[in-house]
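Visitor: Take a look at the following structure, please.
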Amino acid sequence: MNSQPRPPLKSLDAALAELLAHAQPLEGHELLNTFDADGRVLTQDLVAALQVPPFDNSAMDGYALRAADLSGPEQALPVSQRIAAGNLGPPLAAGTAARIFTGAAVPEGADAVVMQEECSVLDDGRVQVHASVKAGQNIRKSGEDMQLGSTVLTAGTRLGPAELGLAASMGCARLPLARRPRVALFSTGDELVMPGDVAPQDLPAGSIYNSNRFFLRAMLQRLGCEVRDMGIVPDSYEATVAALQDAAQHSDLVLTSGGVSVGEEDHVKPAVQALGSLDLWAIAIKPGKPFAYGRVGQTHVIGLPGNPVSSLVTFALLVRPFLLRLQGVRAVAPQAVDMRADFDWPRADKRREFLRVRINAQGGLDRFANQGSGVLTSAVWADGLVDNPPGQTIAHGDTVRFVPFAQLLG
Ligand code: AMP
Ligand code: MG
Numbered sequence: 001m002n003s004q005p006r007p008p009l010k011s012l013d014a015a016l017a018e019l020l021a022h023a024q025p026l027e028g029h030e031l032l033n034t035f036d037a038d039g040r041v042l043t044q045d046l047v048a049a050l051q052v053p054p055f056d057n058s059a060m061d062g063y064a065l066r067a068a069d070l071s072g073p074e075q076a077l078p079v080s081q082r083i084a085a086g087n088l089g090p091p092l093a094a095g096t097a098a099r100i101f102t103g104a105a106v107p108e109g110a111d112a113v114v115m116q117e118e119c120s121v122l123d124d125g126r127v128q129v130h131a132s133v134k135a136g137q138n139i140r141k142s143g144e145d146m147q148l149g150s151t152v153l154t155a156g157t158r159l160g161p162a163e164l165g166l167a168a169s170m171g172c173a174r175l176p177l178a179r180r181p182r183v184a185l186f187s188t189g190d191e192l193v194m195p196g197d198v199a200p201q202d203l204p205a206g207s208i209y210n211s212n213r214f215f216l217r218a219m220l221q222r223l224g225c226e227v228r229d230m231g232i233v234p235d236s237y238e239a240t241v242a243a244l245q246d247a248a249q250h251s252d253l254v255l256t257s258g259g260v261s262v263g264e265e266d267h268v269k270p271a272v273q274a275l276g277s278l279d280l281w282a283i284a285i286k287p288g289k290p291f292a293y294g295r296v297g298q299t300h301v302i303g304l305p306g307n308p309v310s311s312l313v314t315f316a317l318l319v320r321p322f323l324l325r326l327q328g329v330r331a332v333a334p335q336a337v338d339m340r341a342d343f344d345w346p347r348a349d350k351r352r353e354f355l356r357v358r359i360n361a362q363g364g365l366d367r368f369a370n371q372g373s374g375v376l377t378s379a380v381w382a383d384g385l386v387d388n389p390p391g392q393t394i395a396h397g398d399t400v401r402f403v404p405f406a407q408l409l410g
């Protein structure tokens with residue numbers, strides 16, 4: 001097969017918009033145990049069916065009292081009751097204090113809790129207060145976390161540990177979640193060898209280990225996908241067609257790495273075109289130029305570049321938002337923050353560049369020396385990427401746009 005004409009350059013924003021326009025949220029949801037919902041996306045608003053906390057409770061181990069009962073310093077009050085967490089005491093008798101523990105319900109009539117470090121117990125059993133006391137102190141008010149009837153988590157929220165705790169605190173044992181995207185994954189490349197199949201000292205000349213398969217699978221799993229990993233597909237048109245045909249069955253997305261350039265050994269484009277349709281894009285970013293989007297039947301097909309850092313970065317910038325949108329997440333684009341560059345970047349590229357950088361102890365950014373698209377060490381060393389506009393040089397002290405890996409790989 002002859003090499004094909006080069007596709008026109010497309011901006012990253014245009015590519016993302018086009019890709020997201022294809023990402024109709026998957027139909028159907030599943031009700032899953034809250035324990036199993038980490039990383040998944042809510043399909044319905046969660047509305048609080050109670051106040052949280054449900055009752056006024058003590059923020060300290062100490063003594064609950066009425067602030068107005070303390071007329072001066074060092075006053076002592078008799079202790080009329082003891083309330084541990086999980087217990088409910090009777091209304092507080094006037095002029096007395098209740099021994100109380102963190103999380104216990106504040107008895108009716110009490111309006112302050114004095115921490116035990118500010119009190120001493122006298123020989124006659126009364127408690128003496130050494131500090132000045134204000135009404136309301138050390139009391140966690142009912143509803144200060146959530147109000148009854150308020151929307152606490154909205155449909156389209158991706159759940160992490162904090163969201164799971166919040167859902168549990170309002171009594172949700174099961175959650176309505178977007179269906180897992182079913183993703184078939186394969187790597188192309190006759191040079192690829194699986195770690196474990198051949199020892200490093202026996203690796204034949206011209207071969208390399210398949211690294212993309214590992215990070216792509218990990219990222220897919222983190223994004224809640226059900227991954228069908230089809231391994232390595234040889235660099236032949238027939239093998240690629242056969243793999244695609246199989247992969248497209250029962251999948252929402254077929255994700256491939258490698259073989260999307262315009263060389264004679266790049267078979268993804270003709271293979272997808274034989275079975276459906278595909279556009280080859282040259283995205284004006286570095287690393288990561290070649291990218292393909294197409295369809296086989298109803299199944300989306302995305303072809304990522306083979307160079308490992310290109311593959312990782314294009315996944316993070318394009319495929320991650322696509323998969324989140326399939327699950328109903330609305331805000332899917334990674335967010336950048338302003339940071340100070342503690343490095344120089346004197347030779348700007350005409351493409352928008354994503355530089356591997358690390359946050360230093362001075363609150364600035366250092367740059368990894370080798371920004372090559374095959375250098376995975378850079379991605380491990382880095383904390384995120386500087387999103388550098390086309391043609392922009394960077395000098396020490398300049399403000400740059402930093403996207404943390406939490407926004408890209410999480
Ligand atoms: P390609 O996009 O197929 O032309 O590959 C571009 C570069 O990425 C070549 O140097 C390939 O050897 C390398 N490459 C492709 N796929 C992988 C992979 N799965 N793991 C590691 N390197 C790869
Ligand atoms: Mg290849």
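Per UniProt numbering, the sequence shown starts with residue 1, numbered consecutively. For each residue, glycine too, the CB sits at the ideal point set by N, CA and C. Just so you know, these numbers come straight off a predicted model, no measurement behind them.
1) Within its chain, find whatever has a CB closer than 6 Å to the CB of Leu255; leave out the 5 residues flanking it on each side and keep chain order.
2) Which first and last residues belong to the alpha helix (DSSP H) in which His22 is found?
3) Less than 8 Å between the beta carbons of Val106 and Val114, yes or no?
4) If you follow the alpha helix (DSSP H) that Pro305 is part of, which residue opens it and which one closes it?
5) Does Leu50 come out as helix, strand or coil in the three-state DSSP assignment?
6) Following the continuous alpha helix (DSSP H) through Trp381, name the residue where it begins and the one where it ends.
7) Assign Ala243 to one of two classes, buried (16 or more other C-beta atoms within 10 Å of its C-beta) or exposed (fewer than that).
8) Judging by CA-CA distance, which residue of Leu376, Gly206, Gly156 and Leu42 is the nearest neighbour of Glu30?
9) For Tyr293, count the other beta carbons within 10 Å of its own beta carbon; 16 or more makes it buried, fewer makes it exposed. Which is it?
10) Where does Asn360 fall in DSSP's three states?
11) If you draw a straight line from the alpha carbon of Glu27 to that of Leu280, how long is it in whole angstroms?
12) Determine the direct distance from the alpha carbon of Ala379 to that of Glu191, and round the result to whole angstroms.
13) Is it the case that the CB of Ser261 approaches a heavy atom of the ligand AMP more closely than 7 Å?
14) Between which residues of its own chain and Pro346 is the CB-CB distance below 6 Å, once the five residues before and five after are set aside?
15) Which class does Thr154 belong to by DSSP, given the choice of helix, strand or coil?
16) Could you give the residue range of the alpha helix (DSSP H) that holds Asp229?
17) For a test of the three-state rule: what should DSSP assign to residue 420, helix, strand or coil?
18) Please classify His40: does DSSP put it in a helix, a strand, or coil?
19) Pick from Asp342, Ile83 and Gly224: whose alpha carbon is nearest that of Ala98?
20) If you draw a straight line from the alpha carbon of Asp38 to that of Arg367, how long is it in whole angstroms?
21) Taking Cβ to Cβ, would you say Ala178 is nearer than 8 Å to Asp45?
22) Nearest by alpha-carbon distance to Leu216: which of Pro8, Lys10, Leu16 and Gly410 is it?
23) Give the DSSP-derived three-state secondary structure of Asn388 in the structure shown.
24) Pick out whichever of Ala348, Asp398 and Gly364 has its Cα sitting closest to the Cα of Asp383.
25) Only counting runs of 4 or more residues, tell me where the alpha helix (DSSP H) segments fall wholly within the stretch 161–219, in order along the chain.
26) Does the beta carbon of Ala105 sit closer than 8 Å to a beta carbon anywhere in chain D?
27) I need the DSSP call for Phe55, collapsed to helix, strand or coil.
Guide: Reading from the atomic positions:
1) Translated into positions along the sequence shown, residue 255 becomes position 255. So the qualifying residues of the chain are Val183, Leu185 and Ile302.
2) Numbered from 1 along the sequence shown, position 22 holds the residue referred to as residue 22. Per DSSP, His22 belongs to the alpha helix (DSSP H) from Leu12 to His22.
3) For the purposes of this step, residue 106 is taken as the residue at position 106 of the sequence shown. For the purposes of this step, residue 114 is taken as the residue at position 114 of the sequence shown. Going by C-beta atoms, Val106 is not nearer than 8 Å to Val114.
4) The residue labelled residue 305 in the question sits at position 305 within the sequence shown. No alpha helix (DSSP H) contains Pro305, which DSSP labels as neither H nor E.
5) Residue numbering aside, residue 50 sits at position 50 when the sequence shown is read from its first letter. In the three-state DSSP reduction, Leu50 falls in the coil class, being neither helix nor strand.
6) Translated into positions along the sequence shown, residue 381 becomes position 381. Start and end: Leu376 to Trp381.
7) Position 243 of the sequence shown, counted from the first residue, corresponds to residue 243. That one is buried.
8) Stepping through the sequence shown from its first residue, residue 30 is reached at position 30. Selected option, being the one with the closest Cα: Leu42.
9) Here residue 293 is taken as the residue at index 293 of the sequence shown, counted from 1. Around the Cβ of Tyr293, a 10 Å sphere holds 16 or more other Cβ atoms; the residue is buried.
10) If you number the sequence shown from 1, residue 360 lands on position 360. Coil at Asn360, not helix or strand.
11) Residue 27 sits at position 27 when you count from the first residue of the sequence shown. Residue 280 sits at position 280 when you count from the first residue of the sequence shown. Between the C-alpha atoms of Glu27 and Leu280 there is a straight-line separation of about 28 Å.
12) Position 191 of the sequence shown, counted from the start, is the residue given in the question as residue 191. Position 379 of the sequence shown, counted from the start, is the residue given in the question as residue 379. Between the alpha carbons of Glu191 and Ala379 lies a gap of roughly 22 Å.
13) Translated into positions along the sequence shown, residue 261 becomes position 261. For Ser261, the distance from the CB to the nearest heavy atom of the ligand AMP is below 7 Å.
14) In the sequence shown, the residue the question calls residue 346 occupies position 346. Here the set comprises Thr393.
15) In the sequence shown, counting from the first residue as 1, residue 154 sits at position 154. Coil, per DSSP.
16) Looking up residue 229 in the sequence shown gives position 229. Looking at the DSSP string, Asp229 is not in any alpha helix (DSSP H); the run it does join, the beta strand (DSSP E), is Glu226 to Val233.
17) Residue 420 lies beyond the residue range present for the chain, which begins at 1 and ends at 410; the question has no answer from this structure.
18) Here residue 40 refers to the residue found at position 40 when the sequence shown is read from its first residue. It is worth fixing the name first, because residue 40 is Arg in this sequence and not His. The answer is coil: DSSP assigns Arg40 none of H, G, I, E or B.
19) Position 98 of the sequence shown holds residue 98. Taking the Cα of Ala98 as reference, the smallest distance to any Cα among Asp342, Ile83 and Gly224 is reached at Ile83.
20) Working through the sequence shown from its first residue, we reach residue 38 at position 38. Working through the sequence shown from its first residue, we reach residue 367 at position 367. Per the coordinates, the alpha-carbon of Asp38 lies some 33 Å from the alpha-carbon of Arg367.
21) One-based indexing of the sequence shown puts residue 178 at position 178. One-based indexing of the sequence shown puts residue 45 at position 45. Contact check for Ala178 against Asp45 fails: the beta carbons are separated by 8 Å or more.
22) Reading the sequence shown from its first residue, position 216 is the one you call residue 216. The candidate whose alpha carbon is nearest that of Leu216 is Gly410.
23) To locate residue 388, count along the sequence shown from 1; it is residue 388. Strand, per DSSP.
24) Reading the sequence shown from its first residue, position 383 is the one you call residue 383. Nearest option by C-alpha distance: Gly364.
25) Runs found: 161–169.
26) Within the model displayed, chain D is absent; a lone protein chain is all it includes.
27) As a working mapping, residue 55 is identified with position 55 in the sequence shown. Of the three classes helix, strand and coil, the one that applies to Phe55 here is coil, per DSSP.
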